[in-house]
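Same order as they appear, the protein sequences are chains A and B.
Counting with this note's numbering, you get residues 4 to 478 for the letters of the first sequence.
Counting with this note's numbering, you get residues 4 to 478 for the letters of the second sequence.
Backbone N, C-alpha and C fix where the C-beta goes; we use that ideal spot for every residue, glycine too.
Bear in mind the structure is a predicted one, so any value in this text is a computation, not a measurement.
What follows is a single structure, written as structure tokens, with notes after it.
Number of protein chains: 2
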Amino acid sequence: MPELPDKSSAFMDWYLAVVEAANLTDKRYDVKGMNIWTPYGFLARRNLDDVLIRGIERTGSVPVEFPALIPQTEFQKEKDHIKGFDAQVYWVTRGGDSTLDVPLVLRPTSETAMYPTFARWVRSHRDLPLNVYQIVNTFRYETKTTRPFLRVREIHFFEEHTCQVDEEAASGRVRSNLDAFAEMARSLALPYVAVRRPDWDKFPGAHFSIALDIPVGGARTLQIGSIHHYRENFSKPFGIYYEAADGSQRLVHQTTFGLSERLLGAVVAVHGDQKGVVFPPSLAPYQVVVIPIVSAKASADPRPAATQLVESLRSHGLRVHLDDGDERPGAKYYHWELLGAPLRLEVGAREAEHGTATSVDRLGTKRTLGPGDLVSAVREALRAYELALYDRARVAFRASFTKAERLEELAGSTTVRVVPWCGEETCGHRIETAIDGSLLGTPEGELPVDLGTPGPCIACGTTPSTRWGLAAQPL
Amino acid sequence: MPELPDKSSAFMDWYLAVVEAANLTDKRYDVKGMNIWTPYGFLARRNLDDVLIRGIERTGSVPVEFPALIPQTEFQKEKDHIKGFDAQVYWVTRGGDSTLDVPLVLRPTSETAMYPTFARWVRSHRDLPLNVYQIVNTFRYETKTTRPFLRVREIHFFEEHTCQVDEEAASGRVRSNLDAFAEMARSLALPYVAVRRPDWDKFPGAHFSIALDIPVGGARTLQIGSIHHYRENFSKPFGIYYEAADGSQRLVHQTTFGLSERLLGAVVAVHGDQKGVVFPPSLAPYQVVVIPIVSAKASADPRPAATQLVESLRSHGLRVHLDDGDERPGAKYYHWELLGAPLRLEVGAREAEHGTATSVDRLGTKRTLGPGDLVSAVREALRAYELALYDRARVAFRASFTKAERLEELAGSTTVRVVPWCGEETCGHRIETAIDGSLLGTPEGELPVDLGTPGPCIACGTTPSTRWGLAAQPL
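Here is the structure:
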């Protein structure tokens, strides 16, 4: 096995190599940018879906599933939306030998699939809020270079769509989505920043967009999700009215919340190291790998104790793999480090005899567990590992932002930059040119940087800035 | 609410009405035959998926997911397969403004998506068996009349694909699939018959096909799944070779196992009655509905006891809904019978005081649960209900087959007919004409009919029959 490229100096090479070495995906499918979910990658994705499902259903959202194909006539109803997606959709034009009367779009996102139906489902204020979500695959005819999990043509996608009585209620749903995402990100041990995108970079058709961004080394960032407030921009063309308590007919205000398999890519990118993937327990296909250390010299066979430990951990709901293959223990350690298993438990003759296990977590912390209640001890070790992983990520996160007050400082930035910005688009584009990237927008909430009050705009230098902007190089 | 059409005399009208009244799907989507999974229907589907996942993973199959789009070049590699599907696939011909160099098929099934990759994954006999499955949506440009869950254009589909060392091992996998399906069907309380399809009706490209059929009233049957033995029919064109222990290169033998949302339709069709859907506990979105019976005359408010009961049942893993709305209890009973909730628990002042609950299951059995351990009592009531449901279905199943020995008996059949058949295709088609339906094929294993030895073929009357055939009118 060749060594992985250096993460800090050759990030994307490292990322591609680690995804391939850990066999999270198979990129050799005959349509470029459409990858195969291998069993190991699929199990991680299933765990990710569970995190999202638990997180969103706790807020009262209910699952639905709308068709994958959208008639051209519906797709074109909101003019900014169609402008934003027209160049990157796949068209179904034939069924069997017949040309379809109305061409169908393979959904790039589901606004135009859902909203004609919302107009039927919503009749009265008693039907509101309508909070529904689906986890489906979406399709984009991507022309940029594709990267597993980060930019693909068939995307595993989470999308919540809601209808609210008015703009304020919709803003409340945006805040509730932000809270829900905070919980989800916490269970992935991912620190992130919520950023209100500038107007020229919002979602096609949105009133405003809040993106969820993470730094991934240098000035690079990765958008891992977004929350949009649509106001009446879609409800008007789709005619989603309700009868208010006073009998009047009103348009609903809408929001959406989008996440995707990029979260899996983010976990690899943020936590991974030179040995391979590092999974948080929430996502790991196997949270614990038990390895019996068989030795010809030892008096006792540790395998029965190892098997019993596996069964006992499984019966308590943990995902456990027993690696009783013929390879040397060292080869197994190497393999499971590459695959990112949070905890490995070594059970040799001595451990079997004393009812203990030697635990080594993916960050290298070694512990002797037991004798006594091994299940609780394993749970405790996983919890400690998760906290340590989150702490490590937060240290790196805090070091990823620095302030800049002059435009010339932005060239060659080795962190994401926090800059005073007057809010004007012209100045925004000058900042983007200076950092050779994007103005991500204005952070919502605290930043891990000591800021003070923003001085004059970094670009025009005259107008007093009312806000901070984040300048970065998005992947 | 109007009454449902009569199930026994107007089955399909009844089916369509009950699916709509229980709001399991919304058929008003703008592409005919592509329906919307409503929240209630989706929850039932999610539970169905869980039954399938548990059942197949217990046999050592692992999940994968292959892309939804298949290049025309791969799709056309197996000649019978392409002949069987060519007229009913959707074609993606454009991406953005460009015409695609190679048109893409929206998968109708995934043989041709997976097998080029299997040729890369399988190298040696140590890679075998390869047992993988996926649950995805498939697409068929269906020209027949569509029916929710039974015949749709976007199909929620379960497909296992396996590679085995030789024909015998593949036959072993077929048997193991049959065993796995027996478990799945049991947890849906669905009796069924496994039928080896005649050669003219097997899956395009298969060596042989075993279908899983259920009777649904009169001579009607519904195919709810299938298991296929491909021999080397696909491994040859796709080049799936392995190195055997003796160093020789051999073609794998393949099998597949397919199930779909039809199982949900089957549950509605088999268990449903004039009051609505009847869910087995495994599938029910809510296994238990708790209804507090509030009365102005009663001394005590039962709502705290009802809420506590709900929480206690939920904490033990049951899916529970608290219906504390303003409707009269009678309206709630009616509603939850229509939606098929297995158990409703009524908690009035008297029950609250005594720590009991009045339980009425969906088959009408009334019990007083408690005082004492209500969780165990509820579990016991659900178990008894499930058994009663299965018993009822088996009684109807047994009455759905009768023997016929003369061709003239087949016209106007009010059951599925078991007939002696010589095995010749010409005779098969004569039987099909006589019953105005299909010869389903030869049953595998026991039938719930006293058969004896088959006499001469019912069609040609001369050749001694070696087997029984099932003649029916498939939906």
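Exercise. With a CB to CB cut of under 7 Å and the five nearest residues on each side skipped, what residues in its chain are close to Glu235 (chain A)?
Worked result: Leu254 and His256
Problem set entry | DSSP state of His210 (chain B) mapped onto helix, strand, coil | coil
For this session: Label Ser285 (chain B) either buried or exposed according to how many other C-beta atoms from any shown protein chain fall within 10 Å of its C-beta, with 16 as the threshold for buried.
Result: buried
Problem set entry | Cβ-based contacts, 9 Å cut-off: residues of the segment 102-131 of chain A near chain B | Leu103, Val105, Pro106, Leu107, Leu109, Ala116, Met117, Pro119, Thr120, Arg123 and Trp124
Exercise. Does any CB atom of chain A fall closer than 8 Å to the CB of Ile39 (chain B)?
Worked result: yes
Exercise. Which residues in the same chain have their Cβ closer than 7 Å to the Cβ of Glu68 (chain A), if we skip the five residues on either side of it in sequence?
Worked result: Gln137 and Val139
For this session: Please classify Lys82 (chain B): does DSSP put it in a helix, a strand, or coil?
Result: helix
Exercise. Shorter than 8 Å from the beta carbon of Thr96 (chain A) to some beta carbon of chain B?
Worked result: yes
Exercise. Closest Cβ-Cβ distance between Pro240 (chain A) and chain B: below 8 Å?
Worked result: no
Problem set entry | Classification of Asp216 (chain A) by the beta-carbon crowding that lies within 10 angstroms, buried from 16 upward | buried
Exercise. Which bits of chain A does Asn140 (chain B) rub up against, with CB to CB less than 7 Å?
Worked result: Ala71
Problem set entry | Asp29 (chain A): contacting residues in chain B (beta-carbon distance under 7 Å) | Thr120
Problem set entry | Counted within 10 angstroms of its Cβ, other Cβ atoms place Asp104 (chain A) as buried (16 or more) or exposed | exposed
Problem set entry | Reduced DSSP category for Ala90 (chain B) - H, G, I as helix; E, B as strand; rest coil | helix
Exercise. Should the segment 389-397 of chain B be called in touch with the segment 412-423 of chain B, which here means at least 3 C-beta pairs below 8 Å?
Worked result: no
For this session: Determine the extent of the beta strand (DSSP E) in which Asn26 (chain A) is found, giving its start and end residues.
Result: No beta strand (DSSP E) holds Asn26 (chain A); DSSP gives it neither H nor E.
For this session: Give the residues of chain A in contact with Arg244 (chain B), contact being defined as C-beta atoms less than 8 Å apart.
Result: In the sequence as displayed, the identity of residue 244 (chain B) is Tyr instead of Arg. Result: empty, since nearest Cβ-Cβ is about 17 Å, beyond 8 Å.
For this session: Note down, in chain order, each residue of its chain lying with its Cβ closer than 7 Å to the Cβ of Val378 (chain A), except the 5 sequence neighbours on either side.
Result: Ser315, Leu316 and His319
Exercise. Do Ala116 (chain B) and Leu341 (chain B) come within 8 Å of each other at the CB atom, strictly closer than that value?
Worked result: no
For this session: Could you tell me how far apart the beta carbons of Gly373 (chain A) and Ala384 (chain A) are, in whole angstroms, since I believe they sit closer than 8 Å?
Result: Going by Cβ atoms, the distance from Gly373 (chain A) to Ala384 (chain A) rounds to 11 Å, so no, they are not a contact pair.
For this session: Evaluate contact between the segment 184-199 of chain B and the segment 158-167 of chain B, counting only Cβ atoms and requiring at least three cross-stretch pairs below 8 Å.
Result: no
Exercise. Whose Cβ in chain A lies nearer than 9 Å to the Cβ of Gln91 (chain B)?
Worked result: Gly98 and Gly99
Exercise. Skipping 5 residues on each side, what residues in its chain have a beta carbon closer than 6 Å to that of Trp339 (chain A)?
Worked result: Val292 and Arg347
Exercise. What three-state label does DSSP hand Cys425 (chain A) in the structure shown?
Worked result: coil
Problem set entry | Neighbouring residues, chain B, relative to Leu46 (chain A) (Cβ below 9 Å) | Val65 and Pro66
Problem set entry | Gln252 (chain A) classed as buried or exposed, judged by whether at least 16 other C-beta atoms fall within 10 angstroms | exposed
Exercise. Can you tell me where the beta strand (DSSP E) with Ile138 (chain A) in it begins and where it stops?
Worked result: Leu133 to Phe142
Exercise. Do you know whose CA, among B:Gly444, B:Phe152, B:Leu133 and B:Thr359, lies nearest Asp376 (chain B)'s CA?
Worked result: B:Thr359
Exercise. For the putative contact between Gly444 (chain A) and Arg200 (chain A), defined by C-beta atoms under 8 Å, what is the C-beta separation to the nearest angstrom?
Worked result: 4 Å
Problem set entry | Interface partners of Glu77 (chain B) on chain A, CB under 7 Å | Asp33
For this session: Say whether chain D places a C-beta atom closer than 8 Å to the C-beta of Pro207 (chain A).
Result: Note that chain D does not occur in the displayed structure, where the protein chains are A and B.
Exercise. Where are the beta strand (DSSP E) runs, 3 residues long or more, that stay fully inside the segment 122-201 of chain B, in chain order?
Worked result: 133-142, 157-167 and 196-199
Exercise. Going along chain B, which residues have a C-beta under 9 Å from Val135 (chain A)?
Worked result: Pro42
Problem set entry | Assigned exposure category for Pro70 (chain B) - 16 Cβ within 10 Å defines buried | buried
For this session: Have a look at B:Thr112, B:Thr102, B:Asp204 and B:Ser101 and flag the residue whose alpha-carbon is nearest the alpha-carbon of Val92 (chain B).
Result: B:Thr112
Exercise. Who are the near neighbours of Arg401 (chain A) in its chain, counting only those whose CB is closer than 7 Å to its CB and skipping five residues on each side?
Worked result: Pro451
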